[in-house]
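Mapping the sequence shown onto the working numbering, position 203 (from 1) lands on 239, and the numbers just tick up by one.
No residue lacks a Cβ here, since even glycine has one placed at the ideal position from N, Cα and C.
Below is one structure, written out as structure tokens, with a few remarks after it.
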Amino acid sequence: MRDIDLFQLALGLVPPWMVASANFDADNKRLDIEIDFKTGGRFPCPDCGKANCPVHDTVKKTWRHLNFFQHQAFLHARVARIDCPDCGVRLVNVPWARPGSGFTLLFEAFVMTLVKGMPVATAARLVGEHDTRLWRIIQHYVDTAVARMDLSDLKRVAIDETAAKRGQDYISLFVDIDARKVVYVTEGKDAKAVAKFADHVDAHNSDASRIKEVCIDMSAAYIKGVTEALTEAEITFDKFHAVKLVNDAVDQVRRAESKEQPELKHSRFLWLKNKWRLSVAQTASLDALTRMHLKTARAYHIRLAFQEIYNQPSREWAELFLDRWYNWAIRSRLEPMMKVARTVNRHRNGILRWFNSKIANGLIEGINSLVQAAKAKARGYRSVRNLIAITYLITGKIDLRLAT
Ligand SMILES: [Zn+2]
């Protein structure tokens, strides 16, 4: 078998395409394969599909292909421009690459597989290409997969924000709670982000009115966004965020008090962790501090009681419990606890909604760790757009339809 026949088979070329020559350059570690078509070959129109259009002229093009052992491989071809009676002169599509790409489909599939498992910058070094070219491939496959997304089954959504770059920019994540995957990612953490999500749902075989349950933190921006754009959705306030607010209030009490009570310095951790996660020595320190009749200890007990709300047997019991908790906290004479009590009270319905929906953003802890992995893979990414693409790739379970 001649080498050009071997390459013809390996590339899966069908007439009129054929391998014309192959040049192996051991010194420069390169393999160059020339592809051509038989004289008189005819091609279908890329726009209207009309078969057997005559060739008008040709354009020389080159594509990077999968390495041949340790050698970089390139395909070269003169690509026909056909004369379609309806559309005019058009460049034909080649079967080994998508229009406008400088890589073959197999090379792109290889790159997409690499970037799922390693940072894009590392993949770029490995294949010897600049990472901007890899990002362009990622954008293409992710964009087309997202465009095909079917959201007809989406009913319950958790919304959360995550820092994009060193805490300056944020992206909002919209997670399908039942399918446990990210279905939308966008810049910002404001009401507009939720409005854009509603448009995204409308555009993907569904309707924003089909979203029935939403889990968010108590940020005014998300509340506004959900109320305006997801009109059929009931809001559950994420219980982890709620407990964190109460925790933050305890810490404010501790910091203020530690000016008079030096024992409280460096004790932040003791008050914030759940008791069963403390060591024996830490538990002893906490017990000693608790016996000192400190303001911090009172705040701490208010916080412990707050968590108990979620252990009530029913929403009715929780309502009674929450009322008693509120009265206690509001009479505590501890300003941060009174403030957080008022916040909790204003968001009472969404907090109690948990008893009906049982949804929390903790359900998506797995998703959050994937998002962190996505951020690591996008290390050195040049734009939020790149971070969004890699987030879809890692957390969206999207269907890429890669060449095989
Ligand atoms: Zn045509």
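{"query": "Reference GLN108; option with closest CA among TRP307, LEU429, ASP68 and LYS433", "result": "ASP68"}
{"query": "Contact between the stretch 287 to 303 and the stretch 242 to 262 (3+ Cβ pairs under 8 Å)", "result": "no"}
{"query": "Cβ pair TRP312, VAL286 closer than 8 Å", "result": "no"}
{"query": "Assigned secondary structure, HIS166 (DSSP; H/G/I helix, E/B strand, else coil)", "result": "coil"}
{"query": "3-residue-minimum beta strand (DSSP E) runs that sit fully inside the stretch 192 to 238, ordered along the chain", "result": "192 to 201, 205 to 212 and 217 to 223"}
{"query": "Per-residue DSSP class, three states only, for PHE105", "result": "coil"}
{"query": "Proximity test, ASP119 beta-carbon vs ligand 1 heavy atom, cut-off 7 Å", "result": "no"}
{"query": "Cβ contact (3+ pairs, closer than 8 Å) linking the stretch 369 to 376 and the stretch 325 to 336", "result": "yes"}
{"query": "Straight-line Cα distance separating ARG339 from ALA234", "result": "36 Å"}
{"query": "Nearest-angstrom beta carbon gap, ILE118 and VAL91 [assumed within contact, 8 Å]", "result": "6 Å"}
{"query": "Of the listed residues ARG246, PHE73, VAL289 and GLY77, nearest to ALA269 (C-alpha basis)", "result": "ARG246"}
{"query": "Nonlocal neighbours in the same chain, by C-beta distance under 6 Å from VAL4, ignoring five residues either side", "result": "Not covered by the structure: residue 4. The range shown for the chain is 37 to 440."}
{"query": "For ILE174 and THR168, the rounded distance between their alpha carbons", "result": "10 Å"}
{"query": "Segment limits, beta strand (DSSP E) that includes ARG339", "result": "Unbroken run through ARG339 is the alpha helix (DSSP H), 331 to 344; no beta strand (DSSP E)."}
{"query": "Three-state secondary structure (DSSP) of ASN363", "result": "helix"}
{"query": "Contact test: ASP205 Cβ vs ligand 1 heavy atom, cutoff 7 Å", "result": "no"}
{"query": "Three CB pairs or more closer than 8 Å across the stretch 177 to 192 and the stretch 424 to 432", "result": "yes"}
{"query": "Contact test: CYS81 Cβ vs ligand 1 heavy atom, cutoff 7 Å", "result": "yes"}
{"query": "CA-to-CA distance, ASP214 to LEU47, given in whole angstroms", "result": "42 Å"}
{"query": "Complete runs of the alpha helix (DSSP H) confined to the stretch 380 to 418 [at least 4 residues]", "result": "384 to 388, 390 to 393 and 401 to 413"}
{"query": "Residues that GLU296 bridges to, as DSSP identifies them", "result": "According to DSSP, which records beta bridges pairwise, GLU296 is partnered with nothing at all."}
{"query": "Contacts around LEU300, its chain only, beta-carbon distance under 8 Å, and the 5 residues preceding and following it disregarded", "result": "ARG290, GLU293, SER294, LEU325, LEU330 and THR332"}
{"query": "Stretch-stretch touch, CB-based, cutoff 8 Å, three pairs: the stretch 390 to 406 with the stretch 414 to 426", "result": "no"}
{"query": "DSSP bridge partner residues for CYS120 (one or two, in chain order)", "result": "GLY124"}
{"query": "Assigned secondary structure, TRP132 (DSSP; H/G/I helix, E/B strand, else coil)", "result": "coil"}
{"query": "For ALA116 and VAL125, believed in contact at Cβ under 8 Å, the rounded distance", "result": "Incorrect: roughly 10 Å between the Cβ atoms, too far for contact."}
{"query": "Integer-rounded CB distance, given that ARG351 should sit under 8 Å from LEU388", "result": "6 Å"}
{"query": "GLY432 classed as buried or exposed, judged by whether at least 16 other C-beta atoms fall within 10 angstroms", "result": "buried"}
{"query": "For ALA194 and TYR220, the rounded distance between their alpha carbons", "result": "11 Å"}
{"query": "First through last residue of the beta strand (DSSP E) which encompasses PHE79", "result": "Where PHE79 is concerned, there is no enclosing beta strand (DSSP E), given that its DSSP letter is neither H nor E."}
{"query": "SER315, buried or exposed, once every other Cβ within 10 Å from all chains shown has been counted against 16", "result": "exposed"}
{"query": "Rounded straight-line distance, which links the Cα of ALA410 to that of ALA157", "result": "13 Å"}
{"query": "CB contact below 8 Å: ASP435 versus chain B", "result": "In the displayed structure, chain B is absent; only one protein chain is listed."}
{"query": "Supposed close pair ASP253, ASP274 - CB separation, criterion 8 Å", "result": "5 Å"}
{"query": "Rounded distance between the beta-carbons of LEU266 and VAL230, thought under 8 Å", "result": "7 Å"}
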